[in-house]
Amino acid sequence: MSKASFKRLPGFRDFPPEDLRFRNHIFDAWRRVALRYGFQEYDGPPLEALDLYVEKSGPEIVGQLYNFRDKGDREITLRPEMTPSLARILSERSRSMPKPIRWFSMPQLFRYERQQRGRLREHFQWNVDVVGEDDVAADAEVVAVAIDGLRELGLTHEDFRARVSSRRLLAGLLGALGVTEEHLAAAFAIVDKLQREGDKTAQRLRDEAGLDSEQAAQVLELLVGATLDELAERFNGHEGVAAEVARLQTYVGYLQAMGLGDYVEFDLSVVRGLAYYTGIVFELFDTGGELRAICGGGRYDRLLELVGGEPLPAVGFGMGDVVLGELLKDHGLGPGPDAGVDYFIVCVDAEQRELALAIAHAQREQRRSVAYALREQGVAKQFKTAGALGAREVIVLGPDEVARGNAVVRVMASGEEREVSLEELR
Ligand code: HAM
320 MSKASFKRLP GFRDFPPEDL RFRNHIFDAW RRVALRYGFQ EYDGPPLEAL
370 DLYVEKSGPE IVGQLYNFRD KGDREITLRP EMTPSLARIL SERSRSMPKP
420 IRWFSMPQLF RYERQQRGRL REHFQWNVDV VGEDDVAADA EVVAVAIDGL
470 RELGLTHEDF RARVSSRRLL AGLLGALGVT EEHLAAAFAI VDKLQREGDK
520 TAQRLRDEAG LDSEQAAQVL ELLVGATLDE LAERFNGHEG VAAEVARLQT
570 YVGYLQAMGL GDYVEFDLSV VRGLAYYTGI VFELFDTGGE LRAICGGGRY
620 DRLLELVGGE PLPAVGFGMG DVVLGELLKD HGLGPGPDAG VDYFIVCVDA
670 EQRELALAIA HAQREQRRSV AYALREQGVA KQFKTAGALG AREVIVLGPD
720 EVARGNAVVR VMASGEEREV SLEELR
């Protein structure tokens with residue numbers, strides 16, 4: 320009878336030690352940066368009620384859910400994103416908390432997507448959110464965290480940019496150029512696809528957003544070229560547009576004051592796929608233009624109330640480990656060499672085994688890492704294992720030295736050897 324063969328599910332990853340080390344390298348940088356900005360870490364359950372996402376996140380994500388009915392007949396799903404969980408958690412406790420709330424998390428998320436470069440069916444996502452502050456300084460703060468997260472991993476201004484826009488501004492501009500309220504959602508969806516299907520945009524604006532050819536051409540012209548200063552001049556009589564342009568100018572000013580101004584580009588075509596964003600939105604992209612968004616986020620001032628909590632403004636982002644991992648590998652960036660164990664203990668023959676165990680345990684008590692062969696082996700083979708484990712030093716227990724109360728300690732990098740008394744090691 321043939322043995323069953325079990326394959327990993329498509330779009331999921333195993334993390335053997337070298338891959339887990341790479342992942343932890345990213346997690347450590349994310350955590351360091353979030354703590355440096357005064358954020359506190361939180362987590363939530365990987366399973367949530369299906370209703371938490373329906374309508375709040377929008378149709379794109381709802382079509383990708385890993386949902387099912389549990390044994391208690393509840394409609395549930397693996398979490399596809401963290402923001403609704405954050406809103407739910409805060410709905411139960413935010414009233415008693417000082418504002419703004421600065422929280423971060425690094426959950427594993429699940430989306431049934433078509434697998435491609437940078438897109439899997441699970442990923443880890445750094446979430447950083449400020450809740451309870453509507454000042455644009457909060458928007459600037461979170462994008463600065465995202466930029467510094469990438470800088471912490473060794474990426475520079477050469478490698479990535481934050482593309483920033485505002486849904487409120489886009490709505491105002493589209494309205495001023497003839498898009499009616501009922502066509503706004505359709506127009507947003509078309510603009511969101513501009514990068515991928517640019518040549519179809521004008522046609523779609525005519526067919527699906529109710530514009531004529533001239534209006535569609537005007538929208539396109541703004542989307543690809545307009546600067547904030549030009550918009551400020553051209554729409555200065557249009558209250559909603561002017562106020563949001565001024566807000567974005569303040570935002571850029573704050574990032575310039577932090578020394579991060581060069582990382583930020585205004586790009587009206589950034590809309591974001593999720594339904595709940597209400598104001599400034601942004602995405603981080605590689606300058607090579609080869610990868611999908613490394614990170615996306617923005618302001619969502621109505622989600623907390625929608626989930627049944629205190630009506631609080633909020634802004635944040637999610638940065639996945641998959642696209643970022645590709646970018647780091649393309650640039651040869653990753654963790655340094657594995658530190659290896661401090662000591663490997665070699666027994667020349669079986670008589671030294673108990674002594675080896677005593678030394679190993681004494682050293683482990685001193686917080687040093689120690690390994691040794693788990694069965695009787697030749698000295699050459701033991702040295703080979705010591706090499707494979709990256710041992711810094713090898714303690715050799717030979718009968719003659721042990722009889723004198725000593726051991727030989729060899730520094731693996733230099734080959735230099737010295738005799739050390741057993742009393743010192745135990
Ligand atoms: P999102 O744009 O859906 O936003 O995801 C954010 C990032 O997660 C993406 O830019 C990408 O790097 C990564 N990502 C998303 N889906 C996948 C996938 N299938 N495979 C690999 N990586 C993926 C959100 O999820 C928002 N909840 C972020 C947020 C937090 N907004 C405010 N606060």
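With the numbering used here applied, the sequence shown corresponds to residues 320 to 745, in that order.
Ideal Cβ positions, reconstructed from N, Cα and C, are used throughout, including at glycine.
Distances from the alpha-carbon of GLY598 to those of VAL564, GLU624 and GLU584 put VAL564 closest. A buried status is given to ALA406, since no fewer than 16 other beta-carbon atoms sit within 10 Å of its beta-carbon.
Under the DSSP assignment, VAL449 falls in the beta strand (DSSP E) whose first and last residues are 441 to 450. Judged by DSSP in its simplified three-state form, LEU328 adopts coil rather than helix or strand.
GLN427 is bridged by DSSP to PHE443. With fewer than 16 other CB atoms across the displayed protein chains lying within 10 angstroms of its CB, LYS703 is exposed. By the C-beta density criterion, GLU684 is exposed, having fewer than 16 other C-beta atoms within 10 angstroms.
Boundaries of the beta strand (DSSP E) harbouring ALA368: 366 to 368, taken from the DSSP string. Rounded to whole angstroms, the separation of the alpha carbons of GLN383 and PRO365 is 15 Å.
Between the region 454 to 470 and the region 335 to 353, the count of Cβ pairs shorter than 8 Å is three or higher; the stretches touch. Counting every other CB atom within 10 Å of its CB across the protein chains shown gives ARG430 a total of 16 or more, marking it as buried. In this chain, the alpha helix (DSSP H) harbouring GLY468 covers 455 to 471. Of all alpha-carbon atoms in ILE466, GLN696 and LYS648, the one lying nearest the alpha-carbon of GLN575 is that of ILE466. By the 16-neighbour rule on beta-carbons within 10 angstroms, LEU693 is exposed. In the three-state DSSP reduction, ARG711 falls in the coil class, being neither helix nor strand. Assignment of ASN386 by DSSP, reduced to helix, strand and coil, places it in the strand class. In this structure, THR396 and GLU367 form a Cβ contact; the two beta carbons are roughly 6 Å apart against a cut-off of 8 Å. If you ignore the 5 residues before and after ASP362, its C-beta comes within less than 6 Å of the C-beta of SER424, all in its own chain and listed in chain order. For the pair LEU409 and GLU549, the Cα-to-Cα distance works out to about 40 Å. Here ILE395 is bridged, per DSSP, to ALA368 and PHE387. For the region 596 to 684, the full-length alpha helix (DSSP H) segments reaching 4 residues or more read 622 to 625, 640 to 649 and 672 to 684 along the chain.
For the 8 Å CB-CB criterion, GLY377 and LEU579 do not form a contact. If you look at PHE507, you'll find it in the alpha helix (DSSP H) that goes 503 to 511. At least one heavy atom of the ligand HAM falls within 7 Å of the beta-carbon of GLY615.
Going by DSSP, ASN343 is part of the alpha helix (DSSP H) stretching over 336 to 355. As a beta-bridge residue in DSSP terms, SER740 pairs with ASN725. Taken through DSSP and simplified to helix, strand or coil, LEU405 comes out as helix. As computed with DSSP, GLU584 is found in a beta bridge with ARG482.
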